[in-house]
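Colleague: Using the numbering used here, count along the sequence shown one by one with no gaps and you end on 1482.
We treat Cβ as the ideally placed atom computed from N, Cα and C, and that holds for glycine.
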Amino acid sequence: MKELIVDEATAKKFKRKSILAFVVFFAMIGLAWAGWKWLGNQPLDNGIRGGIPKPLRKVLDINEEVYSGLYSTKRLVKEYPKSAAAKKARVNGDVGLGTDDFDPATWKLQIVKTGGDTLFLTMEDIKKLPKIDVVHNFKCIEGWSQITWWSGVRFSELIKKYGLDKETKMKYVGMNTPDEEYYVGIDMPSILQPQTILAYELNGKPLPMNQGYPLRLIIPVKYGVKHLKRIGTITFANERPPDYWAERGYDYYTGL
């Protein structure tokens, strides 16, 4: 009889817990549905900021403040021996390459200074600067990564060579492809990191067309979406320059 009473008490206790669990479960579903509906009714953060609800953009901005506050140009990304690099580098997108109407013979890098003057540099000008190799783990927001070997000149060396110290006092750098179909905005501390290069070689050979020939950005502290291929124009600003993927709802900072 005593065992029966205990079993009944246990059963009642289990029943109460089960009912409570179901109530909590359905309450959570209700809250999630209400939250999703509320989020869907929020105004979008349009323009260069991207077409996503403002509360989500606010979360991304907070993340950027935290990560940028902890960032140091002295922090180096792990590098690998050249032998570890993939023989065939993957391509992470082709927006802005427009190879059908691109004439390499007419290409020049345009650097717009803060006063409005523009520098026009040829590949011969760029190759006069010290050449370095960067072998790092290239990471794509699609979820894949690959060790790749790039060669070129440090962005910071280009700045020094052409007396752009005033420009580095700005908060951001903007880069566009020659056809202006693809563009990125990058915070100044990240682009001045010593492993950030303007690359003109992949695996010891000139860049292939689909990798941004004749010159592309390699910035190991960022995901691949920031590594703009075929740089046409470089600008400087205190306000965030337009960014292709930020306009489509991605994180503007996109740091690793």
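With a cut-off of 8 Å, do at least 3 Cβ pairs link the segment 1363 to 1372 to the segment 1393 to 1406?
Modeller: Not touching, per the Cβ criterion.
Colleague: Considering only their Cβ atoms, is the gap separating Gly1481 from Lys1448 smaller than 8 Å?
Modeller: yes
Colleague: Between which two residues does the alpha helix (DSSP H) harbouring Ser1382 extend?
Modeller: It spans Phe1381 to Lys1387 - the alpha helix (DSSP H) in which Ser1382 sits, taken as one unbroken run.
Colleague: Leaving aside the five residues before and after Pro1356 along the sequence, list all residues of the same chain whose C-beta is less than 8 Å from its C-beta, in chain order.
Modeller: Val1379, Arg1380 and Glu1383
Colleague: What residue ranges within the segment 1281 to 1367 form continuous beta strand (DSSP E) runs of no fewer than 3 residues, ordered along the chain?
Modeller: Counting whole runs of 3 or more residues, the segment 1281 to 1367 contains the beta strand (DSSP E) stretches 1335 to 1338, 1344 to 1347 and 1358 to 1365.
Colleague: By Cβ distance, which residues of its chain are closer than 7 Å to Ser1371, with the 5 residues on each side in sequence left out?
Modeller: Asn1363, Phe1364 and Lys1365
Colleague: Taking just the CA atoms, how far does Asp1359 sit from Met1435?
Modeller: Their backbone Cα atoms lie some 20 Å apart in a straight line.
Colleague: Going by DSSP, what residues sit across from Asp1202 in a beta bridge?
Modeller: As displayed, the chain neither begins before 1227 nor continues past 1482, which places residue 1202 out of reach and without an answer.
Colleague: Can we say the segment 1416 to 1426 touches the segment 1298 to 1308, given the rule of at least three CB pairs closer than 8 Å?
Modeller: yes
Colleague: Is it buried or exposed for Lys1284, if we count other Cβ within 10 angstroms and need 16 for buried?
Modeller: The residue is exposed, with fewer than 16 neighbouring Cβ atoms inside 10 Å.
Colleague: Taking 8 Å as the threshold (C-beta atoms), are Lys1339 and Glu1393 in contact?
Modeller: yes
Colleague: Can the beta-carbon of Ser1377 be found less than 8 Å from the beta-carbon of Gly1430?
Modeller: yes
Colleague: I'd like the span of the beta strand (DSSP E) that includes Ile1417, first residue to last.
Modeller: Premise fails: Ile1417 lies in the alpha helix (DSSP H), Met1414 to Ile1417, not in any beta strand (DSSP E).
Colleague: DSSP three-state label for Ile1457, please.
Modeller: The answer is coil: DSSP assigns Ile1457 none of H, G, I, E or B.
Colleague: Would you kindly work out how many angstroms separate the C-alpha atoms of Pro1468 and Leu1270, rounded to a whole number?
Modeller: 16 Å
Colleague: Classify Ser1294 as buried or exposed, calling it buried when 16 or more other Cβ atoms lie within 10 Å of its own Cβ.
Modeller: Around the beta carbon of Ser1294, fewer than 16 other beta carbons lie within 10 angstroms, which makes this residue exposed.
Colleague: Taking the straight line between their C-alpha atoms, what separation do you get for Lys1241 and Trp1259?
Modeller: Looking at the two C-alpha atoms, the distance is approximately 27 Å.
Colleague: Quick check on Lys1228: does DSSP put it in helix, strand or coil?
Modeller: Note that Lys1228 scores 49 on pLDDT, short of 50, meaning its location in the model is unreliable; the coordinates nonetheless yield the value given after this. Helix at Lys1228.
Colleague: If you follow the beta strand (DSSP E) that Ala1425 is in, where does it begin and where does it stop?
Modeller: Ala1425 -> beta strand (DSSP E) spans Ile1423 to Leu1428.
Colleague: Judging by CA-CA distance, which residue of Glu1465, Ser1309 and Gly1458 is the nearest neighbour of Pro1330?
Modeller: For the residues Glu1465, Ser1309 and Gly1458, the minimum Cα distance to Pro1330 belongs to Gly1458.
Colleague: Per DSSP, Leu1270 is paired with what?
Modeller: Pro1279
Colleague: Nearest to Leu1323 by alpha carbon, out of Pro1440, Ala1472 and Gln1336?
Modeller: For the residues Pro1440, Ala1472 and Gln1336, the minimum Cα distance to Leu1323 belongs to Pro1440.
Colleague: With distances taken from CA atoms, which of Ile1245, Phe1248 and Glu1427 is nearest Met1349?
Modeller: Measuring from the Cα of Met1349, the nearest candidate turns out to be Glu1427.
Colleague: Does DSSP put Val1399 in a helix, a strand or coil?
Modeller: Strand at Val1399.
Colleague: First and last residue of the beta strand (DSSP E) that includes Ile1444?
Modeller: Arg1442 to Ile1444
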